[in-house]
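Here the structure comes first, spelled out in structure tokens, and everything after it is commentary.
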């Protein structure tokens, strides 16, 4: 319940934050919304000696469009995503997922940056980012670089982020006409991590699926990009045969833990149900 | 255990204190400011009994360091009633509709409902239930809490309309 | 006399007596954050205590190294069993006749068991110190499966009981055996089964769960060395019993101990027993000379405090082909964890499980219960259970449905055929209880009619056909539960806790200007006693409830009582309240007769006054009589107007109810949606309908949680998998359905105001209704019984076994 002691820093610019991380190395951690890190610190599973608070970094708070990309600052909260008219209009799958993360209080603090960057396989946004083919812009002592979400996740709490780097923003290709997307999540109760969840992004032209992406939450060490499952939909009219094939392929890559949410075979089964339901919803939205 | 100087506005009053950065805001409020209305009911940020209002948002104060709240504006249950002691319509509605029994979740619940009604002055039952999904109660089964929040919403709406 | 007499109705309303939906007096402080709970207390010089707890389920302790902790600035002391042994406090007696380690002595027996108690200047330093204490363990094989507890090669758990072939409840047949309890007629029951055309048998598990009130357990202990007075504020559902036990084990005389239960944030049976934290805080205060506070975390609460249930019940019914039950047999394997710390009346090691004949007229029955030790937390009786009534009711209500299924009869119909009839009350059950009153047929008919049961079964028939045709992937289930529970412990002749008879008490003192104060031996944890007991008094003595202060929980001022749990406050303390009120009214009558210069018998009571029969304009109100009591009483009578009643109830009370649950199960995901829940309760006289409704809502929500997702699951190494609110299911407002409540009124004939109590009924009846609904959804496909909790994966596994899944 009580975390270990630390020295507290509140930089007022991204550069200052990066310099602090460079100075303290692996003794330092950033805190964004704090609702993943602080619970771990209270359990003493994390005990950084230096905490770098990012709340004053105005450059990390933004939701806008630069023409072809939607740009979301890393410190944007889940609640701000839910409240954004721009995102509701252009990319509603983000709101689908945000609304099912935790509860209102946690959403007021929890950031999209924290949710995508800490490498917790239970987090919901990473699968959404995989399905949207998002790009993470990270900044470190050597400057900024872009990492595709699909190359970011390496293992449980292991990502492509190097020591001293901070996620700055997420860039999502602005969905084109004919786009439909949905996030279907089964959970034990509202706000729980997923028993199984699927993000599906489709493009339909004249009733035929011309592009698709499917990604899975909490069914492995990382979010899973179900490439073969998505392929099974491309060129089809999203009929029951195509959907069944996608479901089968998605289940084939799922490797969930057996835990309180259920044994692995059950969770794999549900993964398929979530894929099917997300496809149906995405299809309806694309119409 | 180096302490830092913190300054916050709590229920409209400026407070200053020395505290370790790791001091959880809930402990700071309860122990250093003796505002014992908000309570601790869990250790994993689930129960919501510690809910307060931080810079205009409902926040679980057990998951915030007082260091992070330095410079912030905080409202707790102790700040719900008016300065002359007139209860907020939510406080009256909870009593009117039996929206509490042991009272332990009540401060967090009312503080959350207070902000919920500012965000959404006319919530449906489903919106109320989602809106308080971060506040657990073991005594009431939520039904009368929802009734109380609905009643307060109506009263606040009609007061607003009367004033306009 | 007044110029404009108020109408009788107006005078009655002013009282806010029995039957009124009186708003609660407690709410003023709770809605303003001015409640006074244990952790709100701050005393000068107060220190904070915190535990080092076992990481293992079963292990020897090879060493405990405290030096780094003791070196931390702000740490005052570290207690282990070594420090408690000279005081003989390293073990404490439990409420079930066993002993429990206060601090582990040489070995640990469950994960989370207390090993050392750190005392420090504040809770942050205490937490840091806990991290610095090193414990060296030697792991031992953990025993977590109660069915293996009495195997020949089962590990020895309780070395402190080595060689003891009998315990508090009789002979012990194995080193992990605690007791065998047997009730009923073995031979008669065996014959009924031999002769029966139909028998059913099923193993029904009621899984281990935990009451999990939002406020955890805690205390502030303060030993005043100068006047030798120990004061302990704490989360105590039975403050007087705690005082007596504390005196017996500490040697401090009882008149020098003051126990205070302040506001309590939910009890549900979790706060009845005495925990190591209380003992260690008391010792720490004696040692340091200052107050010591101990407040546990949520994970500590779930790991180490009183769990509930963990009953493995084999039920058997013998019946005719028409579904008329001719015999009931039940064997229970009871998992008590590492120490038998059950809060049961002394003579009942399995509580009142022998209420398991339920609402049914069963001519012969036989029950055996075997309690065993395992490497799990101690306890068992808690969580709105009325001493195992939840378990008993669940068993019989499932068995009725299983019998119905076997005979292809409707479950409501089988109940009707077996109900105890109204004219059979008071009814002697085959397992030894005398049920006070009931009208089951009326209640069930009202319930069935209100929900249109016939229509629901017709809808279900159509749903099953549609499912078979592949038109829907949802199966509809209807769960009927008709429970009779036994509460109000109880008559001293058979109910005591550690020798303290389970009477209860009320003391009322009326002030000269017509208001009053009452104190009781019970203690509210949210039930609203300050509001409802004033209503009883108002109706008895004619003073408005608003003018009556009700206090509980301070052993220095409250008359002795056995506390609040098992729905006993209304049946026992409520009776004492009425009796004390009647004593006051009787004295007031004599004063009124004296003042009005008539004979006592010439007066009649009229709501708030005594008036002369035949001359109603001549009267004296209770308010007037109160003042007279202080200056004008009949010669030979003492002045003052007060009374106390210690009430030994002649019997328990038997609330009952009819609950109906309609559920829709998504066969592809195992998700169950509760479409409708109707609860009809009969708790006899209804003191405050608003509060009754609140109790039912809350109890049904707890029942939902138990039936649909709660479990305290230990893996094979003895690790508890549900020690946080991430993994222990507490429903939010989103998962909780809308509850429809209804009632009938069948007063208790032996209770002064006919009231029976209601707090635990919804948990007793609710779990069966949910579970019967889930089982019913699959019954037509061959399912006999599926175990709780009915969480998503288990329901799906049932569907998979029945070959329904895609």
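Protein chains in written order, with the numbering used here: chain A, 1 to 287; chain B, 1001 to 1164; chain C, 2001 to 2806.
Beta carbons are placed, not taken as given, at the ideal position from N, Cα and C, and that holds for glycine.
Relative to the Cα of residue 33 of chain A, the nearest Cα in the group A/271, A/102, A/128 and A/249 belongs to A/102. Segment contact: the segment 2334 to 2354 of chain C against the segment 2307 to 2321 of chain C, three or more CB-CB distances shorter than 8 Å; contact assigned.
Residues 2172 of the same chain have their beta carbon placed closer than 6 Å to that of residue 2165 of chain C, with the five preceding and five following residues left out of the count. Residue 2215 of chain C carries a coil assignment under DSSP once its states are collapsed to helix, strand and coil. Bridge partners of residue 2047 of chain C according to DSSP: C/2292.
Approximately 6 Å separates the beta-carbon atoms of residue 1015 of chain B and residue 1008 of chain B; this is inside 8 Å, confirming the contact. For the pair residue 186 of chain A and residue 194 of chain A, the CB atoms are nearer than the 8 Å cut-off. Proximity of residue 2111 of chain C to chain B, defined by a Cβ-Cβ separation below 8 Å, is not satisfied.
Residue-level contact by beta carbon fails for residue 2436 of chain C and chain A, as no gap is shorter than 8 Å.
When DSSP states are grouped into helix, strand and coil, residue 1084 of chain B belongs to the coil group.
Counting C-beta pairs with one atom in each stretch, the segment 2648 to 2659 of chain C and the segment 2718 to 2736 of chain C have fewer than three that are closer than 8 Å, which means they do not touch. At least one beta carbon of chain C lies nearer than 8 Å to the beta carbon of residue 186 of chain A.
In the three-state reduction of the DSSP assignment, residue 2617 of chain C falls in the strand class, which pools E and B. Under DSSP, residue 2091 of chain C forms a beta bridge with C/2101. Using beta-carbon distances, residue 2709 of chain C counts as an interface residue toward chain A, with a partner under 8 Å. Counting the other CB atoms within 10 Å of its CB gives residue 2513 of chain C a total below 16, which places it among the exposed residues. 1001, 1002, 1004, 1020, 1021, 1022, 1024 and 1027: these are the residues of the segment 1001 to 1033 of chain B whose beta carbon lies less than 9 Å from some beta carbon of chain A, given in chain order.
Collapsing the DSSP output to three states places residue 259 of chain A in a strand. In this structure residue 2372 of chain C touches residue 2146 of chain C by the C-beta definition: roughly 5 Å separates them, less than 8 Å.
By the Cβ test, the segment 2312 to 2328 of chain C is in contact with the segment 2388 to 2408 of chain C, since at least three Cβ pairs between them sit closer than 8 Å. The Cβ of residue 1053 of chain B sits no closer than 8 Å to any Cβ of chain C.
In terms of beta-carbon proximity, residue 2799 of chain C stays away from the interface with chain A, with every pair separated by 8 Å or more.
Around residue 2376 of chain C, the same chain offers 2110, 2337 and 2714 as residues with beta carbons nearer than 6 Å, after the five sequence neighbours per side are excluded. With the criterion set as a beta carbon lying under 8 Å from some beta carbon of chain B, the segment 2563 to 2597 of chain C has no members that meet it. Not a single unbroken stretch of the alpha helix (DSSP H) spanning 4 or more residues falls wholly within the segment 2299 to 2358 of chain C. Here residue 1079 of chain B carries a helix assignment [DSSP, helix/strand/coil]. If only complete runs of 4 or more residues are kept, the segment 5 to 34 of chain A shows the alpha helix (DSSP H) at 14 to 24, in order along the chain. Less than 8 Å separates the beta-carbon of residue 166 of chain A from that of residue 14 of chain A.
Within the segment 2559 to 2639 of chain C, the complete alpha helix (DSSP H) segments of 4 residues or longer fall at 2574 to 2596 and 2622 to 2629, listed in chain order. By DSSP's assignment, residue 2666 of chain C forms a beta bridge with C/2474 and C/2671. Collapsing the DSSP output to three states places residue 2440 of chain C in a helix. Contact between residue 2239 of chain C and residue 2261 of chain C is confirmed by a C-beta separation of about 5 Å, below the 8 Å threshold.
Here DSSP, grouped into helix, strand and coil, assigns residue 1019 of chain B to strand. With contact defined as three or more Cβ pairs closer than 8 Å, the segment 1079 to 1098 of chain B and the segment 2008 to 2016 of chain C are not in contact. By the C-beta density criterion, residue 2349 of chain C is buried, having at least 16 other C-beta atoms within 10 angstroms. Bounds of the alpha helix (DSSP H) holding residue 1130 of chain B are 1125 to 1131.
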